[in-house]
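Take 2 as the starting number for the sequence shown in our numbering and just add one per residue. Every residue, glycine too, gets a C-beta built ideally from N, C-alpha and C. Inspection log for the structure reproduced underneath, given as structure tokens.
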Amino acid sequence: MKYEHLFGIHAVNTALKRDAERIQRILVMKGRHDAKMQRLIEAALQQKIQVEQVAKRDLEELVGGSVHQGVVALCKPIQTHNEKFLDQLLDNLDENPFLLVLDGVTDPHNLGACLRTADAAGVQAVIAPKDKSAPLNATAAKVACGAAEAVPYVLVTNLARTLKSLQERGIWITGTAGETDLDIYQANLTGPMALVMGAEGQGMRRLTRENCDQLVKIPMAGEVSSLNVSVATGICLFEAVRQRSS
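This is the structure in structure tokens:
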């Protein structure tokens, strides 16, 4: 099996807490003996995970120059989920569904940032099409800062069909599009809902757009016509959080 390299203190700690069975071995930088690292090592040893001290250059080679903070975990790939899992999750919810859908987001950095924001906002799952979506790899996990282990990433075969299935459950589908007249701050984002974010530049695909119940936009005051998808996701999700908590 090819192992992924999960790196960074927070990301490795979260994996130890939430999904320790994924971790096969942890490499720590020789000479680092601070309290944070000691707590991480103790947590790993409690889980009976091997910890090995290695040179700084060895860690840098593993992560390709990324900031590793002195620790790299060799892990099995993070598990993604399918339509069956999504149905089971929705069947067992005891609160209104609050979902994020990513249509055509292919950059692992953006996926990781969206997962991190989704976790902070209380989203129960992030949904994306199997084709032309970012992989849930080590880069996405590092950017997500632990959210990749906490928020289910559901890859579906047919996104339009999945959106219709959500609608049949009474879930309101809100898509984002720059050309609509409805401002995100004027839209109703309460109740069972799924927020759909499209790829930067291209936006949502036609079939995805046609399966939305409403289209909203973020008002833009300056010269820039659009925002990074992870930034836009954060704005929209937390406007929904504000409305749902008021």
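Once DSSP output is grouped into helix, strand and coil, what is the label at residue i?
{"i": "Q51", "result": "strand"}
{"i": "T175", "result": "strand"}
{"i": "A126", "result": "strand"}
{"i": "L252", "result": "The question about residue 252 has no answer here: the residues shown for the chain are numbered 2 through 247."}
{"i": "M221", "result": "coil"}
{"i": "A74", "result": "strand"}
{"i": "D59", "result": "helix"}
{"i": "W79", "result": "The question names Trp, yet the displayed sequence has Ile at residue 79. Three-state result, I79: coil."}
{"i": "R23", "result": "helix"}
{"i": "E5", "result": "strand"}
{"i": "V102", "result": "strand"}
{"i": "V144", "result": "helix"}
{"i": "L28", "result": "strand"}
{"i": "L41", "result": "helix"}
{"i": "V68", "result": "coil"}
{"i": "L90", "result": "helix"}
Measuring alpha carbon to alpha carbon, tell me which residue in the options is nearest residue i.
{"i": "H11", "options": "K31, G147, E43", "result": "G147"}
{"i": "L216", "options": "N159, V225, C237", "result": "C237"}
{"i": "A56", "options": "L28, A74, G192", "result": "L28"}
{"i": "A241", "options": "G123, Y4, H82", "result": "G123"}
{"i": "V102", "options": "S246, R245, S231", "result": "S231"}
{"i": "L164", "options": "T191, A129, N189, A142", "result": "A129"}
{"i": "P98", "options": "R117, V127, K3", "result": "V127"}
{"i": "K49", "options": "R58, I24, L160, D59", "result": "I24"}
{"i": "A222", "options": "L208, S246, L190, G179", "result": "G179"}
{"i": "R22", "options": "D88, L156, I79", "result": "The residue you asked about is not Arg; residue 22 is Glu in the sequence shown. The candidate whose alpha carbon is nearest that of E22 is I79."}
{"i": "G235", "options": "T191, A119, V64, Q89", "result": "A119"}
{"i": "E84", "options": "R40, Q168, N159", "result": "N159"}
Is residue i near the ligand FAD, judged by its Cβ being under 7 Å from some heavy atom?
{"i": "L28", "result": "The ligand FAD is absent from the structure shown, which contains no ligands of any kind."}
Alpha carbon to alpha carbon, how far is residue j from residue i? Give it in angstroms, no decimals.
{"i": "K31", "j": "R243", "result": "46 Å"}
{"i": "S166", "j": "L7", "result": "35 Å"}
{"i": "D104", "j": "H34", "result": "44 Å"}
{"i": "K133", "j": "N229", "result": "18 Å"}
{"i": "D184", "j": "K18", "result": "40 Å"}
{"i": "I172", "j": "G113", "result": "25 Å"}
{"i": "A233", "j": "A200", "result": "11 Å"}
{"i": "A16", "j": "N93", "result": "24 Å"}
{"i": "R170", "j": "A44", "result": "41 Å"}
{"i": "D214", "j": "V197", "result": "11 Å"}
{"i": "N212", "j": "D20", "result": "35 Å"}
{"i": "C76", "j": "E224", "result": "44 Å"}
Determine whether the Cβ of residue i lies closer than 8 Å to any Cβ atom of chain D.
{"i": "E22", "result": "No chain D is present in this structure, which holds just one protein chain."}
Drop a sphere of 10 angstroms on the beta-carbon of residue i, count the other beta-carbons inside from all chains shown, and report buried for 16 or more, exposed for fewer.
{"i": "A36", "result": "exposed"}
{"i": "Y186", "result": "exposed"}
{"i": "G66", "result": "exposed"}
{"i": "N111", "result": "buried"}
{"i": "P220", "result": "exposed"}
{"i": "L46", "result": "exposed"}
{"i": "E150", "result": "buried"}
{"i": "Q70", "result": "buried"}
{"i": "I3", "result": "The sequence given here has Lys at residue 3, not Ile. Per the 10 Å Cβ criterion, exposed."}
Exercise. Which runs of the alpha helix (DSSP H) fall wholly inside the region 159-210 and span at least 4 residues, in chain order?
Worked result: If we require 4 residues or more, the alpha helix (DSSP H) runs fully inside the region 159-210 come out as 160-169.
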